[in-house]
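Asker:
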Amino acid sequence: MSDNKNLTGSPDNKRIDIHDPNEVRNWTKSFGCTAEELKKAVNTVGTSATAVKKQLSK
Numbered sequence: 005m006s007d008n009k010n011l012t013g014s015p016d017n018k019r020i021d022i023h024d025p026n027e028v029r030n031w032t033k034s035f036g037c038t039a040e041e042l043k044k045a046v047n048t049v050g051t052s053a054t055a056v057k058k059q060l061s062k
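Numbering (my numbering), first residue to last: 5 to 62.
Right, dumping it as structure tokens:
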């Protein structure tokens with residue numbers, strides 16, 4: 005993602021940064037999950053968006 009937090013758009017399609025509130029908001033919207041569910045999935049499978057999506061669909 006861009007360092008400019010004022011720019012919005014689709015989240016980086018490869019990695020999830022759970023420490024960036026903008027990314028958390030974008031990914032939770034994209035995956036249809038809560039921030040807590042997203043963070044738990046990232047802690048379980050890592051930051052790969054593909055792996056997180058798969059984990060959340062279980």
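Cβ coordinates follow ideal geometry from the N, Cα and C atoms, glycine included.
1. At a threshold of 6 Å, does V46 count as lining the ligand GDP (C-beta to nearest heavy atom)?
2. For R19, which residues does DSSP report across the bridge?
3. Beta-carbon within less than 7 Å of V46's beta-carbon, same chain only, minus the 5 sequence neighbours each way: which residues are those?
4. Leaving aside the five residues before and after T38 along the sequence, list all residues of the same chain whose C-beta is less than 8 Å from its C-beta, in chain order.
5. Taking the C-alpha atoms as reference points, what is the distance between D24 and K44?
Answerer: In short, the structure shows the following:
1. The ligand content of the structure shown is nil, which means the ligand GDP is not present either.
2. S52
3. I20, I22 and V56
4. T32
5. 15 Å
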